[in-house]
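Number of protein chains: 2
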Amino acid sequence: MSNDLLVYNPHVSVDCVVFGFNGENLKVLLIERMSSEFDDNFSDKKLPGSIIYEDENLDTAATRILNELTGLKNIFLSQFHSFGDPMRTSNPRDKNWLEKTTKMKIGRIVTVGYVALIKISRKIIFESENTTAKWYDIKSLDTMKLAFDHNKIAQEALKHIRHQLTLEPYILFELLPQKFTMTQLRHLYDIIMEKKSDVRNFQKKILQIEGIEQLDEVQKDVPYRAPRLYRFNKKKQKKKNK
Amino acid sequence: MSNDLLVYNPHVSVDCVVFGFNGENLKVLLIERMSSEFDDNFSDKKLPGSIIYEDENLDTAATRILNELTGLKNIFLSQFHSFGDPMRTSNPRDKNWLEKTTKMKIGRIVTVGYVALIKISRKIIFESENTTAKWYDIKSLDTMKLAFDHNKIAQEALKHIRHQLTLEPYILFELLPQKFTMTQLRHLYDIIMEKKSDVRNFQKKILQIEGIEQLDEVQKDVPYRAPRLYRFNKKKQKKKNK
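Here the protein sequences come in this chain order: A and B. The number in our numbering is simply the position in the first sequence, starting from 1, with 174 added. The number in our numbering is simply the position in the second sequence, starting from 1, with 174 added.
Next up, the structure:
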């Protein structure tokens, strides 16, 4: 029986995987982490995240912490998975950094992962007294070692939106600007799904989404034949689904 | 900054929502909880769940705890959501029961929810020295108050499999016996999706799932015209998806 065994209280944290799209690449928002280890200064990257407060529910903690670290407000954060490998805080660099930052003895941390899809034009506080945030290509995660198990968390978040996209293709529009071209839309879809769609088939299929509207406008300031712009009318889509 | 604020270590638990289907109703596996409160004995129901061990990852904890409470082995448990409302342990009955059972001072518990779909014929230890398990109609949760926020957790698990079913209809076969009738299959689908499918359309649609096979057998021991049996050939389906 568990009564006879040592039961141990882990810390609980949240980590946020925020994706953006600049028209060419899928990006993830990372925070710079600076500290010293033995006599070396080091700097690496981590997901925006921290330990929850005593009286805070998980969603509130995610919203607060993302705001504290990036200035982002009114972001729809969706919980996707919790990570509780006892070894996820075993790297001495991570442990030392955490204990310095939190002034707490850190054993184990179970973290709850949140994901958000935002327009890359959203106002972000990239530089503040305490933190530095920056967009990174999702591909750069293949070679860049993030703090803790944050590479894994980011990969799981990507898998999650890939899965969600199959059911709810309109999540693409959360990442696109108000007005977008068919090429941008297809390119974004292909990046997330890791495939190469046929141009015509894609257009035919995507235009079946309720709420997608072709505009009488073309893209400006392009050196080639300007492509037509589209937008997504959320209200139309919602009406249809009721 | 969070450094100046009290940071508090919650306990972390897992709770398992195990669904079964008896041909007529969708069932959920609950554990009887008995205790005394002030001078009254009480008995109510809870999901199979408990606090994780220090050195255990979340998946291992879910598997261990479900086995300890029900004898179930080799169950595919899938994490679906974590629940961290600080008020979820605020009911004095829940708090007293936990403190007696665990011999620990309990403040807050963040719980990680797992869901499993199993054949109702699976061998379960319904009665043991320490626990009693029983299948309950999912409908009975509308009127039965479970311990903690377990009604909410069970409802969220149901929502999760409803969502999953849209993408992966073959999860239905995890709940059905090896050989089943088209009526059983449709009935199960309708219960989860909360709809009433048209008999012909349903059959036409469901037969498109790779791996579903019509057998040269009919259902036995039924007082009416015996319906044909089907089975799901997982290997065929896997081959196709590769």
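We treat Cβ as the ideally placed atom computed from N, Cα and C, and that holds for glycine. In this text the structure is predicted, and so the values were computed from the model without any measurement.
(request) Select from LYS274(B), ARG360(B), VAL191(B), LYS333(B) the residue whose C-alpha is nearest the C-alpha of THR285(B). (result) Closest in C-alpha terms to THR285(B), from the list LYS274(B), ARG360(B), VAL191(B), LYS333(B), comes VAL191(B).
(request) Answer yes or no: the CB of ILE249(B) versus the heavy atoms of the ligand NAP, is any distance below 7 Å? (result) Of ligands this structure carries none, so the ligand NAP is not represented either.
(request) Leaving out five residues on either side along the sequence, give the residues of the same chain with a beta carbon under 8 Å from the beta carbon of LYS409(A). (result) Same-chain partners within the cutoff: GLY385.
(message) If I measure Cβ to Cβ from LEU332(A) and keep anything under 6 Å in the same chain, skipping five residues before and after, which residues do I get?
(response) Scanning its chain for C-beta atoms nearer than 6 Å, with the 5 sequence neighbours on each side dropped, one finds no residue around LEU332(A).
(request) May I ask you to verify whether the segment 237 to 257 of chain B touches the segment 391 to 409 of chain A, counting CB pairs closer than 8 Å and requiring at least 3? (result) Under the 8 Å Cβ criterion, the segment 237 to 257 of chain B does not count as touching the segment 391 to 409 of chain A, having fewer than three qualifying pairs.
(message) Against chain A, does VAL286(B) count as a neighbour if the rule is that its beta carbon must be under 8 Å from one of theirs?
(response) Yes, its Cβ sits closer than 8 Å to a Cβ of chain A.
(message) What does DSSP give as the partner residue(s) for GLN253(B) in the beta ladder?
(response) DSSP lists TYR288(B) as partners of GLN253(B).
(request) Could you tell me which of LYS379(A), VAL373(A), PHE354(A) sits nearest to PHE195(A), measuring between CA atoms? (result) Ranked by Cα distance from PHE195(A), the options LYS379(A), VAL373(A), PHE354(A) are led by PHE354(A).
(message) Output needed for LEU320(B): all residues of its chain with C-beta closer than 8 Å, excluding positions within five of it in sequence on either side, in chain order.
(response) Same-chain partners within the cutoff: LEU204, ASP218, LYS219, LYS220, LEU221, ALA328.
(request) Give the secondary structure of PHE347(B) by DSSP, where H, G and I count as helix, E and B as strand, and everything else as coil. (result) In this structure, DSSP gives PHE347(B) a helical state, which the three-state scheme calls helix.
(message) I'd like the span of the alpha helix (DSSP H) that includes ALA331(B), first residue to last.
(response) 324 to 341 is the extent of the alpha helix (DSSP H) around ALA331(B).
(request) Could you tell me which of HIS361(A), THR234(A), ILE292(A), ARG360(A) sits nearest to LEU349(A), measuring between CA atoms? (result) Cα-wise, what sits closest to LEU349(A) is ILE292(A).
(request) Below 8 Å CB to CB, which residues in the same chain sit around VAL188(A) once its five sequence neighbours on both sides are set aside? (result) When the five nearest sequence neighbours on each side are left out, the beta carbons in the same chain lying within less than 8 Å of the beta carbon of VAL188(A) are those of GLY223, SER224, ILE226, LEU232, ALA235, ALA236, ILE239, THR285, VAL286, GLY287, TYR288, in order along the chain.
(request) Inspect the beta-carbon positions of THR263(B) and ARG282(B) and report whether they are closer than 8 Å. (result) Contact: yes.
(message) Please classify GLY258(B) as buried or exposed, where buried requires at least 16 neighbouring CB atoms within 10 angstroms.
(response) In the assembly as shown, GLY258(B) is a buried residue. Its beta-carbon has 16 or more other beta-carbons within 10 Å.
(request) Counting only the same chain and skipping the five closest in sequence on each side, list residues whose C-beta sits under 6 Å from that of PRO401(B). (result) Cβ neighbours of PRO401(B) beyond the five flanking positions: THR355, GLN393.
(message) Taking only three categories from DSSP, how would you classify ILE205(B)?
(response) In this structure, DSSP gives ILE205(B) an extended state, which the three-state scheme calls strand.
(request) Kindly indicate which residue of ILE345(A), ALA307(A), PHE347(A), VAL186(A) has the alpha-carbon position closest to the one of GLY245(A). (result) Sorting ILE345(A), ALA307(A), PHE347(A), VAL186(A) by C-alpha distance to the C-alpha of GLY245(A) places ALA307(A) at the top.
(request) Give the straight-line distance between the Cα atoms of PHE216(A) and LYS279(A), rounded to the nearest whole angstrom. (result) If you take the alpha carbons of PHE216(A) and LYS279(A), they lie about 21 Å apart.
(request) Have a look at TYR363(B), GLU206(B), VAL202(B) and flag the residue whose alpha-carbon is nearest the alpha-carbon of GLU301(B). (result) Ranking the options by Cα distance to GLU301(B), first place goes to GLU206(B).
(request) Tell me, to the nearest whole angstrom, how far the beta carbon of PRO260(A) is from that of ASP311(B); I am working on the premise that it is less than 8 Å. (result) About 38 Å; that fails the 8 Å criterion.
(request) Find the residues of chain B that neighbour ASP259(A), judging by a C-beta separation of less than 9 Å, and give them in chain order. (result) Correct list: ASN231, LEU232.
(message) Output needed for TRP271(A): all residues of its chain with C-beta closer than 7 Å, excluding positions within five of it in sequence on either side, in chain order.
(response) Excluding residues within five positions, the ones whose Cβ falls inside 7 Å are ARG207, SER209.
(request) Could you pull the start and end residues of the beta strand (DSSP E) that ARG405(A) belongs to? (result) Residue range 402 to 406 is occupied by the beta strand (DSSP E) that includes ARG405(A).
(request) Output, in chain order, the set of chain A residues within a Cβ distance shorter than 9 Å of GLN393(B). (result) None at all; the shortest Cβ gap to chain A is about 34 Å.
(request) At 8 Å on the CB atoms, spell out the chain A contacts of SER256(B), in chain order. (result) Taking the beta carbon of SER256(B) as reference, the chain A residues within 8 Å of it are LEU232, GLN253, SER256, VAL286, listed in sequence order.
(request) Note down, in chain order, each residue of its chain lying with its Cβ closer than 6 Å to the Cβ of VAL186(A), except the 5 sequence neighbours on either side. (result) Result list for VAL186(A): ILE226, VAL284, in chain order.
(request) Name, please, each residue of chain B whose Cβ falls closer than 9 Å to the Cβ of LEU418(A). (result) It is not possible to answer for residue 418(A), since the shown part of chain A is limited to 175 through 416.
(request) Measuring only between beta-carbons, confirm whether ASN173(B) sits less than 8 Å from chain A. (result) Because chain B here runs from 175 to 416, residue 173(B) falls outside it and cannot be looked at.
(message) Helix, strand or coil, according to DSSP, for ASN177(A) in the structure here?
(response) Low confidence applies here, because ASN177(A) scores a pLDDT of 40, under 50, leaving its location unreliable and the question unanswered by this model.
(request) Quick one: using the 10 Å Cβ neighbour count with 16 as the cut-off for buried, is PHE250(A) buried or exposed? (result) It counts as exposed.
(message) Taking CB distances under 8 Å as the criterion, tell me whether VAL186(B) reaches chain A.
(response) Chain A contact via Cβ: present.
(message) Determine whether the beta carbon atoms of GLY197(B) and GLN358(B) lie at a separation below 8 Å.
(response) A contact, by the Cβ cut-off of 8 Å.
(request) For the alpha helix (DSSP H) containing ALA235(A), list its first residue and its last residue. (result) Segment 232 to 244, the alpha helix (DSSP H) holding ALA235(A).
(message) Distance check for LYS269(A) and THR275(A), CA to CA, integer angstroms please.
(response) THR275(A) and LYS269(A): Cα-Cα distance of roughly 10 Å.
(request) Assuming ILE366(A) contacts LEU243(A) (C-beta within less than 8 Å), just tell me the rounded distance between them. (result) LEU243(A) and ILE366(A) do not touch by the CB rule: their CB atoms are close to 25 Å apart, not below 8 Å.
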